[in-house]
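Novice:
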Amino acid sequence: MASSDVPLHSEVTKEQFASYLSQYPAVVEAISQSKGAKDGQKTLSELDRYRYVDAVETFSLKGQKREMDLDDVKMLVEWKLRHGKFRPTLMSLVSSNPPSSSQTIHFAIKFYANSKDAGSAIRMLSELKGIGPATASLLLSVHDADHVIFFSDEAYYWLCCGGKKESIKYTPKEYLALRTEADALMKRLDVSAVDVEKVAYVLMKQPEAIKGSKVDMTAETKAPAKAAASAASSSSKKRKTGSSGGSDKKDKKAEVTAAKKDATEDNAALRRSKRLRR
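This is the structure in structure tokens:
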């Protein structure tokens, strides 16, 4: 989605925000189906339920049922890798933390509960292997989903880059900028941090969801896809002249060219994602 198609967070209305938020389940389900899952692996939709429902109900400071351990961290990291950019070495780094690392998590969360100092708590969590400010913010977010924004790429693109997919270094300074913008939006529209995160995901991921979708989207989501399909059909009909065989060959050649282009772009994206910590 081009930045010109993304509404500025400073100008989005409460009604628009609610509309985008309502589209999140369909967008994430479409992406989940397009990605699929290996045998024994949870789908993105299943991991999404854990991140936004089960984990929040278990670890929320409003009524915490138990303290987070390393297995919980790995589940959230798995969600993060499938929900956003995949980083092949991140899970192995996180898994290399000893069981005693749970004490670091407990200390950081208790510190935050007493101080509400998210920045310092995230620095404490970042002492763990494979845990940078982004993953640390995720761990803190499930404990206080109303006030702590997860440092996702999509949230940073929308709130700090005007919808442009610019380079992110995943530094504490960048996270502070994200929190500042998120807090202003949350206060202006009276919305939660977790809802800001979901709206950002919809705005930055919606075209990808439409492209790979096997499920029904909302009316606003289906309209662009329907129009594009109609235009493509019309264009195809116009191309059909005397010899249908020649037209079929051109279409197949175009499909092969497009597939090669997609594969090249995917490989380039993978090379750009070699950062181990975020």
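Take the sequence shown: its position 99, counted from the start at 1, is 79 in our numbering, and no numbers get skipped. Every residue, glycine too, gets a C-beta built ideally from N, C-alpha and C. Here the structure is a predicted model, which means the values were calculated and not measured.
Quick check on this structure: which residue in S117, D97 and K96 has the alpha carbon closest to the alpha carbon of L105?
Specialist: Ranked by Cα distance from L105, the options S117, D97 and K96 are led by S117.
Novice: Out of S40, E(-5), L27 and A125, which has the shortest C-alpha to C-alpha gap to L169?
Specialist: The option with the nearest alpha carbon to L169 is E(-5).
Novice: Helix, strand or coil: which one does DSSP assign to H86?
Specialist: helix
Novice: Is the stretch 38 to 49 touching the stretch 136 to 143 in the sense that three or more CB pairs, one from each, lie closer than 8 Å?
Specialist: no
Novice: Can you name, in chain order, every residue of its own chain whose Cβ lies under 7 Å from the Cβ of T128, other than the five neighbours on each side?
Specialist: Checking the displayed sequence, the identity of residue 128 turns out to be Val instead of Thr. Contacts found: A98, S117, L120, S121 and A173.
Novice: Go ahead and pull the three-state DSSP assignment for E161.
Specialist: helix
Novice: Return the residue from the list M166, T115, Y181 and Q186 that minimises the CA-CA distance to T(-7).
Specialist: Ranking M166, T115, Y181 and Q186 by Cα distance to T(-7) puts M166 first.
Novice: Under 7 Å Cβ to Cβ from V182, same chain only, skipping five residues before and after it: list those, please.
Specialist: Y0, Q3, Y4 and V7
Novice: To the nearest whole angstrom, what separates the beta carbons of E134 and A88, a pair I think is in contact under 8 Å?
Specialist: No, E134 and A88 are not in contact; Cβ-Cβ is about 25 Å, not under 8 Å.
Novice: Taking just the CA atoms, how far does P(-13) sit from V57?
Specialist: Rounded to the nearest angstrom, the two C-alpha atoms are 29 Å apart.
Novice: Please work out which residues of its chain come closer than 6 Å, Cβ to Cβ, to A93, disregarding the five sequence neighbours upstream and downstream, and give them in chain order.
Specialist: L41
Novice: Report the start-end ranges of each alpha helix (DSSP H) in the stretch 81 to 140 that is 4 residues or longer and not cut off at the edges.
Specialist: 82 to 95, 98 to 105, 113 to 121 and 133 to 140
Novice: Leaving out five residues before and five after A270 in sequence, what residues of the same chain have Cβ atoms less than 8 Å from its Cβ?
Specialist: What is shown of the chain runs -19 to 258, which leaves residue 270 out entirely.
Novice: Buried or exposed for K18, please, with buried defined as at least 16 other CB atoms from any protein chain shown within 10 angstroms of its CB.
Specialist: Looking at its Cβ environment, which holds fewer than 16 other Cβ atoms inside 10 Å, K18 is exposed.
Novice: Keeping to the same chain, check which residues put their C-beta closer than 6 Å to that of G225; ignore five residues upstream and five downstream.
Specialist: Annotation note: pLDDT 45 at G225 (below 50); position unreliable, coordinate value reported separately. No residues qualify anywhere along the chain.
Novice: Pick helix, strand or coil for D170, following the three-state DSSP scheme.
Specialist: coil
Novice: Under three-state DSSP, which class holds T(-7)?
Specialist: coil
Novice: For T84, which residues of its own chain have a beta-carbon under 8 Å away from its beta-carbon, when the five flanking residues on both sides are left out?
Specialist: The residues are M104, L105, E107 and L108.
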